[in-house]
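A quick write-up on the structure given underneath.
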Amino acid sequence: MAAHVQPLADDPDYEENYQDDVTSTASLSSSILAYEVEHGRSYHAYNAGKYVLPNDEEEKDRMDIQYHALRILFEEKLFYAPIDKNPQCILDIGTGTGIWVMDVGDEYVSAKVIGTDLSPIQPRFVPPNVQFEIHDCTEYPWTFPENSIDLVHTRITNGFAVRDWKAFYDESYKTIKPGGWIESQEFDLMAFSDDKTLPSDSAVVKWCKLMNEGGLKAGFDLRLTSETLRAAMEEAGFKEITVLEFKLPIGLWPADPRLREAGKFGLAAMLQGLQGISLATFTRLLGWQVEEMEVLLAQVRSEWRRRRVHSYWPIFVVYGRKPLSE
Numbered sequence: 436m437a438a439h440v441q442p443l444a445d446d447p448d449y450e451e452n453y454q455d456d457v458t459s460t461a462s463l464s465s466s467i468l469a470y471e472v473e474h475g476r477s478y479h480a481y482n483a484g485k486y487v488l489p490n491d492e493e494e495k496d497r498m499d500i501q502y503h504a505l506r507i508l509f510e511e512k513l514f515y516a517p518i519d520k521n522p523q524c525i526l527d528i529g530t531g532t533g534i535w536v537m538d539v540g541d542e543y544v545s546a547k548v549i550g551t552d553l554s555p556i557q558p559r560f561v562p563p564n565v566q567f568e569i570h571d572c573t574e575y576p577w578t579f580p581e582n583s584i585d586l587v588h589t590r591i592t593n594g595f596a597v598r599d600w601k602a603f604y605d606e607s608y609k610t611i612k613p614g615g616w617i618e619s620q621e622f623d624l625m626a627f628s629d630d631k632t633l634p635s636d637s638a639v640v641k642w643c644k645l646m647n648e649g650g651l652k653a654g655f656d657l658r659l660t661s662e663t664l665r666a667a668m669e670e671a672g673f674k675e676i677t678v679l680e681f682k683l684p685i686g687l688w689p690a691d692p693r694l695r696e697a698g699k700f701g702l703a704a705m706l707q708g709l710q711g712i713s714l715a716t717f718t719r720l721l722g723w724q725v726e727e728m729e730v731l732l733a734q735v736r737s738e739w740r741r742r743r744v745h746s747y748w749p750i751f752v753v754y755g756r757k758p759l760s761e
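For my numbering, add 435 to where a residue sits in the sequence shown, where the first one is 1.
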């Protein structure tokens, strides 16, 4: 079951100018907290080099801005899977700052809500039913008990954290209770426009292609389709699979007020985080000099600030259920 996505409408009247520690079941050893520093940005120390995005304050701000953009896009829904009203355990993979986990913990007080990440960058003071763990989701088998989790959730992890969706869903299937759910809220790292205002030779498209080229050199693919997720879920054994397609605007150009608000934060997240998203991929994997990269990033920011460029990210939500009986 898939939802049809309509082209986004432009607002022709909008003006041109717009612009702590962690609680964890893992031991917070000095090796985990001794972050790698490169070109003035800090990166995780646990399994160092595996994740190419920073973990510093600037990146945490970007993640929280991105979270707000998606909350607006999803009309305040934390997830779409129709889980039981009183779940006992919910697991978020690649939790980042932990904001999704804390919101879910507030809403589902019956559940223990666990967020996992390579970096201990989540808050110390959290709801009593929330906990954070240092965990690499690509190392199998996981340590979570089999048939113990009501919902396994990912959001914007493709390539950066989850690199093999079939293996990920196979492992998730083991941990999910019969009747429980898996949900992936993911993206394709290629900006699009419905009206060709983002040409194929634009700086934005060039940046996307280079990010994908760097990822492939390191063994991960930042391009993704909802069909890839659906097929991998089905192959792992999940049923009742539903696909929802969205477009996250980059900028204030949409005519729809809600999408314009989402686009405002979508743009802010990219302007805030573009250097951090790019730095390791361009310098480590592609061999660029920082100064060379910054020239391209300035061009990308300039294009995204233009009111007449109607670009967006493809976002898709795919969820499925583990059968009640095998």
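Think of the CB as a built atom: it goes at the ideal place given N, C-alpha and C, for glycine as much as any other residue.
Between THR551 and GLU568, the CB-CB gap stays under 7 angstroms. Of the residues assessed, THR578 falls on the exposed side of the cut-off, its CB having fewer than 16 other CB atoms within 10 angstroms.
In the DSSP assignment, LYS682 falls within the beta strand (DSSP E) that extends over 674-684. Minimum Cα-Cα distance from LYS512 among the listed residues LYS495, ILE525, ASP538, ILE500 corresponds to ASP538.
If you look at LYS601, you'll find it in the alpha helix (DSSP H) that goes 600-610. In this structure, GLY594 sits near GLY650, with a CB-CB distance shorter than 7 angstroms. Between ARG736 and LEU706 the beta-carbon gap is near 6 angstroms, inside 8 angstroms, which marks them as a contact. Listed in chain order, the non-local C-beta contacts of GLY698 below 7 angstroms within the same chain comprise PRO684, ILE685, GLY686, LEU687, TRP688, PRO689, local neighbours out to five positions each way being set aside. DSSP lists VAL587, GLY755 as the bridge partner or partners of ILE617. Apart from sequence neighbours up to five positions away, the residues of its chain that approach SER583 with a beta-carbon distance below 7 angstroms are CYS524, THR610, LYS612, ordered along the chain.
For the pair ASN647 and GLU494, the Cα-to-Cα distance works out to about 20 angstroms.
With a 10 Å radius around the Cβ and a threshold of 16 neighbouring Cβ atoms, ASN490 comes out buried. Across the set LYS631, ALA653, GLY654, TYR604, the C-alpha of TYR604 shows the shortest separation from the C-alpha of ARG756. Shown here, PRO692 sits in a helix according to DSSP, grouped into three states. With fewer than 16 other beta carbons inside 10 angstroms of its own, VAL544 counts as exposed. Residue LEU526 holds the alpha-carbon nearest to the alpha-carbon of PRO580 among ASP541, VAL744, LEU526.
Taken atom to atom, the span from the alpha-carbon of SER661 to that of ASP599 is near 14 angstroms. With three or more CB-CB distances shorter than 8 angstroms, the segment 616-631 counts as touching the segment 662-680. Nearest in C-alpha terms to MET668, of all of ILE507, VAL587, VAL548, is VAL587.
Residue nearest to GLY533 within the set GLY654, ASP496, LEU508, PHE509 is ASP496 (criterion: CA-CA distance).
Rounded to whole angstroms, HIS503 and ALA704 show a C-alpha spacing of 9 angstroms. Unbroken beta strand (DSSP E) stretches of 3 residues or longer found wholly inside the segment 498-541: 524-528, given in chain order. In the three-state reduction of the DSSP assignment, GLU574 falls in the coil class.
Residue range 547-552 is occupied by the beta strand (DSSP E) that includes VAL548. Between the alpha carbons of ASN521 and LEU702 lies a gap of roughly 36 angstroms.
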